[in-house]
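In terms of the numbering used here, the sequence shown has 813 at position 127, counting the first letter as 1, and numbering is strictly consecutive.
To keep things clear, I will list the structure first and then write my remarks on it.
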Amino acid sequence: MTRPSSIEPLLRIGELGRRVGLSPDRLRAWERRYELLQPTRTAGGFRLYSARDEARVRNMLAYIEQGLSAAEAARLAVAGTHSSEDGAAAGAAQHELADALAAFDDVQVNAILDRTLASRGVEATMRDLIYPSLRELGDAWARAELHVGQEHFAANLLQRRLLGMMPADESHPATSRVVLACPPGEHHVLGLIGLGVALRRRRCRVTLLGADTPIDVLARTADAVAPHAIVLAATMPHCAPAARAQIHMLARTHRVLLAGAGASPAVATEVGAQYLDTDPVSAAGFVAPPSSHEAS
Ligand code: B12
687 MTRPSSIEPL LRIGELGRRV GLSPDRLRAW ERRYELLQPT RTAGGFRLYS ARDEARVRNM
747 LAYIEQGLSA AEAARLAVAG THSSEDGAAA GAAQHELADA LAAFDDVQVN AILDRTLASR
807 GVEATMRDLI YPSLRELGDA WARAELHVGQ EHFAANLLQR RLLGMMPADE SHPATSRVVL
867 ACPPGEHHVL GLIGLGVALR RRRCRVTLLG ADTPIDVLAR TADAVAPHAI VLAATMPHCA
927 PAARAQIHML ARTHRVLLAG AGASPAVATE VGAQYLDTDP VSAAGFVAPP SSHEAS
């Protein structure tokens with residue numbers, strides 16, 4: 687799969703600050719101290735920040751809210767991952783999980799997931815274990831080493847586990863609402879669900895429509911719930927382009943973001959949407975609304 691390298695729009699520091707609820711001074715300090723941001727420069731020397739920078743700031747804020755120090759929060763937001771020792775362990779667990787899925791061993795799959803959830807938490811489990819294992823399985827399927835029964839078993843079991851990670855706790859009032867759907871014909875929904883889990887953890891109210899959603903149904907739902915954003919995720923290359931006229935209409939009245947390998951910055955621009963060029967967990971930092979208070 688080719689991943690597009692550019693994300694629009696590029697922001698000046700004041701605009702970035704407004705979006706994330708932090709002063710430019712604070713952002714500059716975090717850039718200097720933690721190398722949190724990686725701006726490009728205009729010909730005139732002004733720094734321009736990307737959606738990836740915005741996502742890093744939001745993820746850092748989310749980590750701080752979870753009680754981490756600013757330095758630790760920045761380290762996690764920059765790495766997006768973990769130390770090399772953790773990385774080796776994650777790689778081993780990924781193969782172990784893929785093997786257990788291919789062997790229809792649900793008991794072992796659940797044990798691996800429970801162990802990783804306990805040691806690494808929900809977001810690292812999704813990003814560093816579940817999604818890489820799915821890619822490993824998909825590659826094996828493409829080489830005809832697995833049959834479609836194994837792919838269906840894996841997808842159903844992991845979908846159930848991902849949905850189980852969605853916090854149901856409503857004691858913290860939701861800060862905003864996001865509608866999540868796949869365009870017509872698109873059945874790859876696991877990335878979308880992972881984004882839902884990460885958004886819910888950031889106190890967004892998530893309205894999950896899921897796979898194969900007609901755009902007129904999505905529009906009616908959006909009119910009913912007035913979301914802060916709508917995210918459409920596509921893996922197959924034809925699904926989003928086939929619905930481009932309807933998505934364009936939707937983007938006139940709602941903030942629409944496209945995600946997944948079946949979308950691109952070009953398709954997103956064409957339909958008046960933004961492209962989320964990142965994984966489902968990191969994307970939550972970009973989709974969630976700006977925090978209303980400034981963290982230390
Ligand atoms: C599970 C699976 C299925 C399941 C999906 C069930 C479900 N509940 O979702 C089922 C069995 C239904 C299925 C069906 C098909 N699949 Co399938 N499937 C997969 C598999 C193994 C995993 C997909 C997945 O969830 N990955 C997890 C996501 C998060 O990882 P990712 O895909 O690498 O995505 C990256 C980015 O695109 C981005 N991203 C993706 N989604 C999202 C969402 C959001 C919100 C964000 C922000 C980011 C994001 O994040 C990732 C980077 O970290 C992949 C293998 C693979 N390489 O991924 C094949 C794969 C996607 N499938 C493929 C194919 C060909 C099919 C079928 C045509 C045939 C088949 N295998 O049965 C049908 C088509 C169905 C349809 N019309 O949609 C091909 C696609 C090739 C292509 N690009 O054309 C793949 C790549 C397998 C392969 N190696 O050939 N599939």
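Even glycine gets a Cβ: it sits at the ideal position worked out from N, Cα and C.
Bear in mind that the values here come from a model prediction, so they are computed numbers and not experimental data.
With 16 other Cβ atoms within 10 Å as the buried cut-off, status of Pro853: exposed
Is any heavy atom of ligand 1 found at a distance shorter than 6 Å from the C-beta of Glu837? yes
Which residues share a DSSP beta bridge with Gly896? Ala867
Measuring only the C-alpha atoms, how far is Arg712 from Arg718? 10 Å
Could you check if Gly777 belongs to the surroundings of ligand 1, using beta carbon to heavy atom distance under 6 Å? no
Heavy atom of ligand 1 within 6 Å of Glu872 beta-carbon: yes
Measure how close the beta-carbons of Val706 and Val743 come, nearest whole angstrom, since I'm counting them as under 8 Å. 5 Å
Measure the beta-carbon distance from Met812 to Val967 and round it to whole angstroms, keeping in mind my assumption that it falls under 8 Å. 6 Å
Have a look at Leu747, Tyr720, Ala741 and Ile699 and flag the residue whose alpha-carbon is nearest the alpha-carbon of Thr726. Ile699
Strand pairing of Ser862, partner residues [DSSP]: Cys890
What is the residue span of the beta strand (DSSP E) that Leu943 lies within? Val942 to Ala945
Between the beta-carbon of Val795 and the beta-carbon of Leu848, is there less than 7 Å? no
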